[in-house]
Amino acid sequence: MSPIIQFLTALGQAFAALTLYGDEHPMRQAAIERLHAAAHAVLATGTPLQLSFIDNEVIAGARPVTELRGWEWGARLAAAGIGRVEMSAAPSPEQIDAMLHEMRTRIAAPAEPVRQWSAGPIRLGALRVAGGRAESASPVLVDSVVDALQYSGLGEELDAIGFVHNEVLAGRDVPMVEVEAIVHGLANTIRREQDVMLPLLDLRTFDEYTTTHSCNVAMLSIGLSEALGLSDADARAIGTAALLHDIGKMKLPQEVLTKPGKLTDVERLLIETHPVEGARILSARGRGNGLAATVAYEHHIWYNGKGGYPGFAFPRTTHYASRIVHVCDIYDALCSKRPYRAAWPREKAISLLESITGVELDPTIAPVFVGMLRSATLERHELDAAHHA
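Residue numbers (our numbering): 1054 to 1442.
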């Protein structure tokens, strides 16, 4: 049994002991001692203990703990506002006891305002992302994602996605905990806004284009996946891949990405390397990131396999998820204002999509997307550039 599994098992046993026995009962004390020993075993590996709880998932560091999917206490802690548990160093038995008391108090009164709590090296709080405002070296993050994503203008999603991009730009791994939280929030936004099904973002400046575009394509892809009849789990998986589809652009010079005029042939070839770079970044994370890596690699390849980039030696069909993201990517790119052109009206963009269906776009997916656009109200929330200053 891994140290993380041992710790979580001991935590569940401690909760049970606190429910059944009084403060001085030997069983309660034994449960605290087991949890204390389990915490030391995790920290003895040389890695700080960092746990996140999202829906029915338990995530250690940035990797799901698949053995404990659906773990009861994870869902109860998340519902009580404890989406994150961190230990930076070995705690004392008294600090473990205090942590358990705080957790039990929160679970018993989940309606209380969410607040941060700490005791020595232990910290509890809501799942958080830095949004570019916390020190990058700190594991303690700021600005609640899960709470802030309760539709407050969608500015927090941009902050969170900007944080993800900055982590990659700094050469660190893609923070998948935050990515999953963002996608969960976007999916909830789409379901909550029945009449405004596709809330999209717009900015008054262009230097945040990749961040905004990633958010839009993720929302569109989740909505399209649901319109195609895919399960919630599949829609969220595709939303995650869509959110990361342009992550390879973080490896390109910003002056090329934001150039206001026509690109040179050399600059165009450089831009066309971003799918390979994105696939490389995501593949380096190992198992569990195959879909995101595939979509990053394929999202500019045509449905018939004969156009787009990177080119195939022999034409083949791309992944279904890549074809979903492809049409959403094109639409949002057309309807976003850029330094070198104005945003296209919706109907003009739809006309172009229809003209390339069957060649560049999947003929079973594109019509569903067009139907979704015409039946839904698209509300674009314009964000002042000062929001990101």
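We put the beta carbon where it would ideally sit given N, CA and C, even for glycine. Since the structure is predicted, the reported quantities are computational estimates derived from the model, not experimental observations.
message: Just list the residues that DSSP pairs E1110 with in beta bridges.
response: I1107
query: Going by Cα to Cα distance, which pick from L1414, D1226, S1274 and A1402 is closest to G1301?
result: Minimum Cα distance to G1301 is reached at D1226.
query: What are the boundary residues of the alpha helix (DSSP H) that I1418 is part of?
result: Segment: none, I1418 is in no alpha helix (DSSP H) and carries neither H nor E.
- request: Closer than 7 angstroms by C-beta to E1188: which residues in its own chain qualify, once you throw out the five before and the five after it? Chain order, please.
  value: With a pLDDT of only 28 at E1188, under the threshold of 50, the placement of this residue in the model should not be trusted; the figure read from the coordinates follows. If the five residues before and after E1188 are omitted, its C-beta is found closer than 7 angstroms to no C-beta atom of its own chain.
message: Distance check for F1068 and C1268, CA to CA, integer angstroms please.
response: Rounded to whole angstroms, C1268 to F1068 spans 39 angstroms at the Cα level.
field: CA-to-CA distance, L1096 to A1353, given in whole angstroms
entry: Per the sequence presented here, residue 1353 reads as His, with Ala not at that position. For H1353 and L1096, the distance between alpha carbons rounds to 44 angstroms.
query: Cα-Cα, which of E1086, T1158 and G1224 is closest to T1072?
result: T1158
- prompt: When burial is assigned at 16 or more other CB atoms within 10 Å of the CB, is A1422 buried or exposed?
  reply: Residue 1422 is actually Phe in this sequence, not Ala. Buried is the call here.
field: Residues bridged to V1232 (per DSSP)
entry: V1232 is not bridged to any residue.
- prompt: Pairing CB atoms from the segment 1364-1382 with CB atoms from the segment 1336-1350, are three or more of them under 8 angstroms?
  reply: yes
- request: Could you tell me whether the segment 1388-1408 touches the segment 1282-1293, using the rule of 3 or more Cβ pairs below 8 angstroms?
  value: no
- request: Whole angstroms is fine: what's the gap from A1092's alpha carbon to M1152's?
  value: 12 angstroms
query: In terms of residue numbering, what span does the beta strand (DSSP E) encompassing W1170 cover?
result: W1170 to A1172
Rounded C-alpha distance that separates L1130 from I1160: 6 angstroms
task: Mind checking who G1361 pairs with in its DSSP beta bridge?
output: I1354
task: Could you tell me whether the segment 1313-1326 touches the segment 1400-1410, using the rule of 3 or more Cβ pairs below 8 angstroms?
output: no
query: Taking Cβ to Cβ, would you say P1146 is nearer than 8 angstroms to P1174?
result: no
message: Within a Cβ cutoff of 6 angstroms, which residues of the same chain sit near D1089, ignoring the five residues on either side of it in sequence?
response: A small fix is needed here, since residue 1089 is His in this sequence, not Asp. Excluding residues within five positions, the ones whose Cβ falls inside 6 angstroms are P1146 and I1149.
- prompt: In three-state DSSP terms, what is I1135?
  reply: coil
- prompt: Taking all protein chains shown into account, do 16 or more other C-beta atoms lie within 10 angstroms of the C-beta of L1426, making it buried, or fewer, making it exposed?
  reply: buried
Under the three-state DSSP convention, the category G1178 falls into: strand
field: Test item: CB-CB of E1233 and I1107 under 8 angstroms
entry: yes
message: Once DSSP output is grouped into helix, strand and coil, what is the label at R1369?
response: Of the three classes helix, strand and coil, the one that applies to R1369 here is coil, per DSSP.
7 angstroms CB neighbourhood of L1387 in its chain, flanking five on each side removed: Sequence-distant Cβ neighbours of L1387 in its own chain, meaning closer than 7 angstroms and more than five residues away, are W1397, A1402 and L1405.
query: In this structure, does DSSP put L1088 in helix, strand or coil?
result: helix
message: Can you tell me which residues form a DSSP beta bridge with T1158?
response: In DSSP, T1158 forms no bridge with anything.
- prompt: Just the Cα atoms here: how many angstroms apart are S1336 and R1081?
  reply: 45 angstroms
When W1355, D1385, Y1262 and K1312 are compared against H1448, the one with the closest alpha-carbon: This structure cannot settle anything about residue 1448, because the visible part of the chain is limited to 1054 through 1442.
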